[in-house]
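Worksheet for the structure shown next.
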Amino acid sequence: MANFRDLGGLPTGDGRRTCDGVLYRSDAPHRGDPPPTTAVSWPPELVLDLREAAEQADHPLAGVADVMGIPLLAGPHAVDWRRLPRLEELYLGSLRRAGERIAELLGLLARTTGPALVHCAAGKDRTGVLVAVLLRAAGVTRDAVVDDYLRTDRNVAAVLTRMSWDLTVLDEEDRLRAQHLAGTSAAALTAVLDVLDAAPGGPAGWASSHGASDEALGGWTRMLVG
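Take 1 as the starting number for the sequence shown in this note's numbering and just add one per residue.
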């Protein structure tokens, strides 16, 4: 995996740190990938695959983990760069449309007893929106959430290679648009965090308003932060 990381060690607003080996994020695993060297425990107990059904094939971790294909956002298989929105529009639209699904996924993670892996295709957009909610609902600081999201930038080239995206075949205008969409945007993720923080009760209140129970929110925070 080219965009894997353990979301342990992130600071919370009350001075604690998230636990290692609870939540992993990545791009889509491929058959033959070696175990990630930074994982405390591998394979994960639960895998949440956020891709659309058309993007999913036989999952390489299906034989060793509980793999659940639960699409979060629309992810077109054939990309038309002229029709895709800006990242901020994509992320905010995802937050509006997928609120109940995000609350459902938080509940699933709260009931997991071992490490969980969350991924989409690149591990950036769909994964980024979900992870932002999961981390902020557990009290991780805004800056830490944005910094983790931006770590994807150093992995973009390798991710695109694994996804077989060749941007050189596009004309200059489309290539610039594609490069923007393939990268990260601190402003786009910050817009998501602003929505979460503005909700009554903050990020946890946002999740609660979309169906996350107090039990799930408390269990998830205890699991991730201890």
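For every residue, glycine included, the Cβ atom is placed at its ideal position computed from N, Cα and C.
For residue i: DSSP bridge partner residues
i, result
"Met68", "Leu48"
"Leu117", "Tyr24 and Val47"
"Pro11", "Arg17"
"Val140", "Thr12"
"Asp6", "Tyr24"
When the options are compared against residue i, the one with the closest alpha-carbon
i, options, result
"Pro35", "Phe4, Gly226 and Ala110", "Phe4"
"Ala98", "Thr112, Val145, Val133 and Pro115", "Val133"
"Leu87", "Arg126, Arg16, Gly15 and Ala2", "Arg126"
"Val225", "Arg17, Ala53, Asp214 and Leu130", "Arg17"
"Thr190", "Glu215, Gly128 and Gly219", "Gly128"
"Gly219", "Gly8, Glu55, Leu108 and Leu196", "Leu108"
"Asp33", "Met1, Arg25 and Asp58", "Met1"
"Tyr149", "Val156, Thr184 and Thr221", "Thr184"
"Arg96", "Thr113, Leu130 and Asp58", "Leu130"
"Glu100", "Met68, Ala122 and Leu72", "Leu72"
"Ala158", "Glu55, Leu92 and Ala122", "Ala122"
"Ala253", "Ala110, Ile102 and Asp66", "Residue coverage of the chain in this structure runs from 1 to 226, which leaves residue 253 outside it and unanswerable."
"Ala182", "Val156, Glu104 and Arg31", "Val156"
"Arg25", "Lys124, Ala103, Val67 and Leu193", "Lys124"
With 16 other Cβ atoms within 10 Å as the buried cut-off, status of residue i
i, result
"Ser94", "buried"
"Ser208", "buried"
"Ala186", "exposed"
"Asp27", "buried"
"Pro115", "buried"
"Arg136", "buried"
"Thr239", "No answer is possible for residue 239: the residues shown for the chain start at 1 and end at 226."
"Ala54", "exposed"
"Arg154", "exposed"
Alpha carbon of residue i to alpha carbon of residue j, nearest angstrom
i, j, result
"Met223", "Leu61", "23 angstroms"
"Pro29", "Thr161", "13 angstroms"
"Leu23", "His210", "22 angstroms"
"Thr12", "Thr38", "21 angstroms"
"Ala78", "Asp49", "Caution applies to Ala78, whose pLDDT of 38 falls short of 50 and renders its modelled position unreliable; the value that the coordinates give is listed next. Cα-Cα distance, rounded: 19 angstroms."
"Arg82", "Leu90", "For Arg82, the predicted model reports a pLDDT of 49, less than 50, meaning its position is unreliable; a value from the coordinates is still stated below. Cα to Cα, the separation comes out at about 14 angstroms."
"Leu10", "Trp206", "21 angstroms"
"Val40", "Met163", "26 angstroms"
"Ala138", "Glu52", "27 angstroms"
"Gly21", "Leu117", "10 angstroms"
"Ile70", "Val64", "18 angstroms"
"Leu7", "Cys19", "8 angstroms"
"Ala57", "Ala212", "30 angstroms"
"Val169", "Leu92", "At Val169 the pLDDT is 48, less than 50, meaning the model places this residue with poor confidence; the figure from the coordinates comes in the next sentence. Those two C-alpha atoms are separated by around 30 angstroms."
"Asp197", "Ala204", "9 angstroms"
"His119", "Pro200", "29 angstroms"
"Thr113", "Asp147", "27 angstroms"
Legend entry - the stretch 133 to 142 contacting the stretch 45 to 60, beta-carbon criterion three pairs below 8 angstroms: no
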